[in-house]
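Each protein sequence line maps, in turn, to chains Z and B. For the first sequence, my numbering gives the first residue as 1, with consecutive numbering after it. For the second sequence, my numbering gives the first residue as 1, with consecutive numbering after it. Please read the structure below before turning to the comments.
2 protein chains.
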Amino acid sequence: MKGYGEFDFIDSVREMFRAVPDNGFEGIGDDCSVLPIGGDEALVFTSDMLNEGVHFLTERSSAYQIGYKSLMVNISDVAAMGATPVATLLSLALPKERFGEWSKEFMRGYYEASKRYNVKLVGGDTTKSDTGVCISVTAIGRVAMGAIKRRSAAKVGDVIAVTGKLGASAVGLRDVLNGKTETENAKIHLMPEVQIAEGSWLGKQGAVHAMCDISDGIASDLQHIVDESRVSAVIVERSLPIAEGATLEDALCGGEDYRLLLTVEESLADDLSKRFEQEFGTPLYSIGRVVKPNYDVYQIGIEQEDGKVLYSSFGWGGYHHF
Amino acid sequence: MKGYGEFDFIDSVREMFRAVPDNGFEGIGDDCSVLPIGGDEALVFTSDMLNEGVHFLTERSSAYQIGYKSLMVNISDVAAMGATPVATLLSLALPKERFGEWSKEFMRGYYEASKRYNVKLVGGDTTKSDTGVCISVTAIGRVAMGAIKRRSAAKVGDVIAVTGKLGASAVGLRDVLNGKTETENAKIHLMPEVQIAEGSWLGKQGAVHAMCDISDGIASDLQHIVDESRVSAVIVERSLPIAEGATLEDALCGGEDYRLLLTVEESLADDLSKRFEQEFGTPLYSIGRVVKPNYDVYQIGIEQEDGKVLYSSFGWGGYHHF
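See below:
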């Protein structure tokens, strides 16, 4: 489970459920949970909820865009495990005035995104809402056991890499809030493309240790990796691939970039980078390195132009709804 | 998918997704969809959404009761397939004032229900809501391929049976709306018990053909069976096990009874009934029979005291949110 920053609540829930048998499930708390199904195969599962007024504004996003994005952000978590999305279940709570045209356009967007990656809709629920639109998507992915990438697998010495430029979605969100819904960045924010083929390809690379998707900003998403791998990390400021028009803070904390964040065995990083670029035509950006933690404090430092590393002096916490 | 009665919308969505490959999934549109995973085993999947003001009132139900019920109604769909629930994903949208005590009590109820049936919580999401509470649960079940019971498997001549008395939840809902939240029936409505062991046991019985759970009232749930099996059905009015205090309409259309509705090979019905009672200490009630449809119209008739069968003369449609 993940969410709005009430990590104490989430931890207490996980603790509470310790008394219930796992029934074969692993990796609870990662981007997805994992169920090995035999024959070296596993299924992965993830759920996301999108709420009107919190995750989207019906005045600023079309129903089509909201449908499209609802599917995309969910299967991004599947790709982040090295898995291929195969199916979703969709539950929709709709105010009366959203039935009819709005719900049809929503489904058209959801369908276009699903069709693009051959993801079948296999269940769900529709219900009335007395208030706003509430959308819940559960995605199911399939993966070879050996290709599963977990947040907890980063090793000291690893190179930290990202699969694309950062901060465009944050710029796009500002555009949208200013009423400019047609800019290039606004489109990236409203209808994000996710990296399904990249996730699946990176899953198969033994050189890749830990992986997750960048949904809350790397300041927050990398923190999950260092916490769960019990390491620290240094980001080299001048290496960050900042999207045009974005600030350093957008790139670190903007959220919703839906690129992949990974750590790579150092001696294999250059080779992986070359092969990634050959495969996808876009670079794999090295942005830093995994380092030994001090006194079991797992933290992220920023290496500045002068070579100095600043730890903990910044209040970045990723994107929070609260 | 199922829902509030907008079956046209649901049909159009199913039609839309015909162009996307099934990826191994079957039975889309039943209580659960089914994914065979090899070795004669399958997983089943279902999602439900519960919305404040529509499915529950926070003034009338405690957070604990809402949590308990959210899990129960979902795993009832799993039991209805003959499967055993193994895990859920839970997404929660909460207004600010529902964090803290309310959310803890909700989770305590959800946990108690999960623990009771050894269902692990393996993922989910928490998010802010600007309006009311919205709850989405996806349940995963496990079943032997040969034990899966589908709505489409009813055969002409089958006996129709239910696993318990009907209408108590409808009486309980009236009690709750009248402020009497402590009556026996109110408790049945607020914290329904579901028939996990019964579903799993009935799944293993070859005598059982079709099965579903009674969530919308048998008038509606049996209609799904007759539609998908391309048969008609006659309910014998005097055979209906009506709960104390309930009316005929409560029993047929009240909804939320969460008993199981099944059709049984006629020659094996008496034996099954005996063994069910031995196993669970409660009767399996025969309430009617599956009959040949007239002119491909799949309908439900009621056989009255005088032996006359009335078709289509009643406006029962099960429980609708709209």
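Heads up, the beta-carbon is just placed ideally off N, CA and C, and yes, glycines get one too.
Which listed residue (the options) has its alpha carbon closest to that of residue i
i, options, result
"valine 54/Z", "Ile66/Z, Glu15/Z, Lys155/Z and Ile148/Z", "Ile66/Z"
"glycine 164/B", "Tyr258/B, Glu266/B and Asp306/B", "Tyr258/B"
"arginine 289/Z", "Glu277/Z, Thr282/Z, Glu303/Z and Ala83/Z", "Glu303/Z"
"methionine 16/Z", "Asp221/B, Leu173/B, Lys204/B and Phe106/B", "Phe106/B"
"serine 215/Z", "Val20/Z, Leu261/Z, Glu59/Z and Lys187/Z", "Leu261/Z"
"glycine 301/B", "Phe276/B, Ser220/B and Glu256/B", "Ser220/B"
"proline 21/B", "Val119/Z, Glu256/Z and Val297/Z", "Val119/Z"
"glutamate 112/B", "Ile242/Z, Ala19/Z and Val264/Z", "Ala19/Z"
"arginine 174/Z", "Glu266/Z, Tyr68/Z and Thr247/Z", "Thr247/Z"
"tyrosine 64/Z", "Ser91/Z, Lys104/Z and Ala42/Z", "Lys104/Z"
"alanine 186/Z", "Ser129/Z, Val171/Z and Gly203/Z", "Val171/Z"
"serine 169/B", "Asp30/B, Gly254/B and Gln195/B", "Gly254/B"
"asparagine 23/Z", "Gly206/Z, Val13/Z, Asp30/Z and Pro36/Z", "Pro36/Z"
"glutamate 52/Z", "Ala93/B, Val34/B and Met81/B", "Ala93/B"
"glutamate 198/Z", "Asp158/Z, Val78/Z and Ile10/Z", "Val78/Z"
"cysteine 212/B", "Asp30/B, Ser47/B, Val194/B and Glu101/B", "Asp30/B"
"phenylalanine 25/B", "Ala80/Z, Thr88/Z and Phe56/Z", "Thr88/Z"
"valine 208/Z", "Lys149/Z, Thr58/Z and Glu256/Z", "Lys149/Z"
"valine 309/B", "Val291/B, Tyr295/B and Arg60/B", "Val291/B"
Chain B contact residues for residue i, given Cβ-Cβ distances below 7 Å
i, result
"serine 152/Z", "Neighbours of serine 152/Z on chain B: none; closest Cβ ~16 Å, over 7 Å."
"alanine 93/Z", "Met49, Asn51 and Cys134"
8 Å contact criterion, which residue i and residue j should meet: CB distance rounded
i, j, result
"aspartate 40/Z", "alanine 153/Z", "So it is not a contact: roughly 18 Å between Cβ atoms."
"alanine 83/B", "glycine 27/B", "Contact flag wrong, Cβ pair sits at about 11 Å."
"isoleucine 287/B", "serine 229/B", "About 16 Å; that fails the 8 Å criterion."
"serine 325/B", "aspartate 125/Z", "Since the first residue of chain B shown is 1 and the last is 322, residue 325/B is not available in this structure."
"aspartate 158/Z", "threonine 263/Z", "4 Å"
Three-state secondary structure (DSSP) of residue i
i, result
"phenylalanine 45/Z", "strand"
"cysteine 253/Z", "helix"
"lysine 115/B", "helix"
"serine 169/Z", "helix"
"methionine 16/Z", "helix"
"histidine 189/B", "helix"
"glutamate 97/B", "helix"
"isoleucine 123/B", "At residue 123/B the sequence reads glycine, which differs from the isoleucine that was named. Strand, per DSSP."
"aspartate 213/Z", "strand"
"valine 78/Z", "helix"
"lysine 128/Z", "strand"
"arginine 334/B", "Given a span of 1 to 322 for chain B in the structure shown, any question on residue 334/B remains unanswerable."
"arginine 289/B", "strand"
"glycine 326/B", "Residue 326/B cannot be examined here, being either before or after the span of chain B that is shown, 1 to 322."
"tyrosine 110/Z", "helix"
Alpha-carbon to alpha-carbon, residue j and residue i
i, j, result
"glutamine 299/Z", "glutamate 184/Z", "34 Å"
"glycine 281/Z", "asparagine 74/Z", "25 Å"
"aspartate 271/Z", "histidine 189/Z", "32 Å"
"glutamate 237/B", "valine 133/Z", "41 Å"
"alanine 210/B", "tyrosine 110/B", "30 Å"
"tyrosine 285/Z", "alanine 161/Z", "5 Å"
"isoleucine 218/Z", "histidine 224/B", "48 Å"
"proline 95/Z", "tyrosine 311/Z", "47 Å"
"alanine 233/Z", "valine 137/B", "36 Å"
"leucine 166/B", "valine 156/B", "24 Å"
"serine 62/B", "glycine 123/Z", "29 Å"
"leucine 43/Z", "valine 86/B", "14 Å"
"proline 241/Z", "leucine 252/Z", "10 Å"
"threonine 181/Z", "tyrosine 68/Z", "16 Å"
"tryptophan 316/Z", "isoleucine 235/Z", "Legend: pLDDT at tryptophan 316/Z = 49, less than 50; position of this residue unreliable, no value from coordinates given."
"lysine 128/B", "glutamine 205/Z", "37 Å"
"glycine 38/Z", "glycine 203/Z", "19 Å"
"valine 34/B", "aspartate 250/B", "32 Å"
"arginine 151/Z", "leucine 50/Z", "24 Å"
"alanine 386/B", "tryptophan 201/B", "Nothing in the structure corresponds to residue 386/B, since chain B is present only between 1 and 322."
"serine 12/B", "serine 273/Z", "45 Å"
Neighbouring residues, chain Z, relative to residue i (Cβ below 7 Å)
i, result
"phenylalanine 276/B", "The premise fails here: phenylalanine 276/B is roughly 27 Å from chain Z at the closest Cβ pair, so nothing lies under 7 Å."
"tyrosine 111/B", "Met16 and Phe17"
"valine 86/B", "Asn23"
Neighbouring residues, chain B, relative to residue i (Cβ below 8 Å)
i, result
"lysine 115/Z", "Ala19 and Val20"
"cysteine 32/Z", "Gly123"
"methionine 328/Z", "Outside the displayed range of chain Z (1 to 322) lies residue 328/Z, so it cannot be described from this structure."
Residue i: contacting residues in chain Z (beta-carbon distance under 9 Å)
i, result
"leucine 173/B", "Near leucine 173/B there are no residues of chain Z at all, since even the closest Cβ is about 17 Å away, more than 9 Å."
"threonine 58/B", "Chain Z residues near threonine 58/B: none, gap ~12 Å exceeds 9 Å."
"isoleucine 28/B", "Lys120, Leu121, Val122 and Gly123"
Under 8 Å from the C-beta of residue i: neighbouring residues of chain Z
i, result
"valine 234/B", "Those within 8 Å of valine 234/B in chain Z number zero; the least Cβ separation is about 31 Å."
Beta-carbon neighbours of residue i, restricted to chain B and to distances below 9 Å
i, result
"valine 119/Z", "Val20 and Asn23"
"phenylalanine 106/Z", "Here the premise fails: no neighbours, minimum Cβ distance about 10 Å."
The ligand ADP heavy atom lying under 7 Å from the CB of residue i
i, result
"tyrosine 311/Z", "Summarising the ligand content, the structure contains no ligands, and the ligand ADP is consequently not present."
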